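Residue numbers (the numbering used here): 12 to 347.
Here it is, written out as structure tokens:
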């Protein structure tokens with residue numbers, strides 16, 4: 012299996028008919044993704060909130076896809092699939108045994124110095140796209156966590172904060188882990204029938220991260236829904252507003268999610284690879300669980316306050332006529 016995996020990575024054929032077939036599938040997937048408002052919002056938050064690499068879209072425009080061919084792909088792989096960027100990760104096998112198989116197959120990779128990671132600078136910003144959405148408005152408010160996973164403790168606090176706030180759709184089947192007791196479900200979705208969805212989200216990278224709320228509501232209710240989002244974000248940044256009981260529930264949910272995910276060997280292998288690329292080592296799961304256990308309500312409010320001190324990024328899609336001005340929303344956080 013290892014030989015097959017390495018052969019696929021190092022010696023792809025780039026047959027023209029196969030490449031063309033996959034390009035057609037990519038176009039279909041991009042067209043389908045363009046119908047997902049929440050995915051579009053996440054793209055918009057990055058393009059509006061950052062300058063640099065993280066502002067680049069994950070979904071390539073069709074014009075860019077049309078420029079791809081076997082030669083372009085071959086050049087891309089040669090430039091990027093280098094020893095310094097490659098990790099072979101596995102679970103359920105002795106390290107020495109894996110090494111004995113992999114070393115003869117990988118030892119001739121040229122030792123090219125790792126290229127400098129492209130810089131991304133968080134700026135905040137405003138993105139609006141008027142589109143046919145059946146009278147609905149989709150919006151997101153986001154802020155930056157500087158440092159990303161290299162600011163490990165705060166990144167983990169942010170993960171717990173996301174579960175603490177939770178949220179979801181106006182209809183949920185409920186059950187364990189469905190977020191029915193999260194703050195946004197109890198304080199927003201249960202209180203405002205005009206809101207179709209309302210949830211916290213985060214995207215954490217090596218040196219930066221985003222946290223915020225995304226929501227869907229009727230266009231007439233947008234100003235009120237944004238006020239509710241502002242209120243909920245300010246609440247978790249205010250000392251004394253997060254109870255120990257709800258924090259403990261979020262911490263237990265976080266630990267449960269970590270352990271359940273790592274029961275999958277595929278996920279565990281991916282986790283090893285990501286940690287090696289990020290930290291240069293694999294930290295034991297107990298390390299992360301200990302950090303989660305030590306989080307206090309003060310930690311939550313401190314990190315949330317730090318988030319809200321950064322510039323606001325606002326993205327909206329659909330019927331955006333009633334979305335308030337960027338500066339009027341941003342000023343609500345400055346005066347908290």
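We treat Cβ as the ideally placed atom computed from N, Cα and C, and that holds for glycine.
Model, not experiment: these values are computed from the prediction.
Next on the checklist: Once the 5 residues before and after residue 342 are set aside, which same chain residues still bring their CB inside 8 Å of it?
Outcome noted: Short of 8 Å from the beta carbon of residue 342, and not among the five residues preceding or following it, lies no beta carbon of its own chain.
Checklist entry - Is the beta carbon of residue 255 sitting closer than 7 Å to the one on residue 227? => result For residue 255 and residue 227, no; Cβs fall outside 7 Å.
Checklist entry - Relative to the alpha-carbon of residue 258, which residue among 295, 304, 293 has its alpha-carbon at the smallest distance? => result 304
Next on the checklist: Considering only their Cβ atoms, is the gap separating residue 136 from residue 324 smaller than 7 Å?
Outcome noted: yes
Item to check | Contact set for residue 26: own chain, Cβ-Cβ below 8 Å, skip 5 residues either direction | outcome: 81
Checklist entry - What is the DSSP secondary structure of residue 123, reduced to helix, strand or coil? => result coil
Item to check | 7 Å Cβ cutoff, residue 255 in contact with chain B | outcome: In summary, chain B is missing from the structure at hand, where a single protein chain is found.
Checklist entry - Would DSSP call residue 92 helix, strand or coil? => result coil
Checklist entry - Do you know whose CA, among 85, 126, 77, lies nearest residue 94's CA? => result 126
Checklist entry - What's the C-alpha gap between residue 338 and residue 130? => result 27 Å
Next on the checklist: Quick check on the burial criterion: 16 or more other C-beta atoms within 10 angstroms. Buried or exposed for residue 332?
Outcome noted: exposed
Checklist entry - According to DSSP, what are the bridge partners of residue 129? => result According to DSSP, residue 129 bridges with nothing at all.
Checklist entry - Exposed or buried, residue 121, counting other C-beta atoms within 10 Å across all chains shown (16 or more means buried)? => result Exposed: under 16 other Cβ atoms inside 10 Å.
Checklist entry - Short check: CB of residue 180 to CB of residue 193, under 7 Å? => result no
Item to check | Anticipated Cβ contact below 8 Å, residue 280 with residue 101, distance rounded | outcome: 6 Å
Checklist entry - Do residue 38 and residue 76 have their C-beta atoms closer together than 7 Å? => result Yes, the Cβ-Cβ distance between residue 38 and residue 76 is below 7 Å.
Item to check | Helix, strand or coil at residue 69 [DSSP, three-state] | outcome: coil
Next on the checklist: Just to confirm my understanding: we take residue 99, look at its own chain, exclude 5 residues before and 5 after, and list those with CB closer than 6 Å. What are they?
Outcome noted: Excluding the 5 residues flanking it on each side, residue 99 has same chain C-beta neighbours closer than 6 Å at 113, in chain order.
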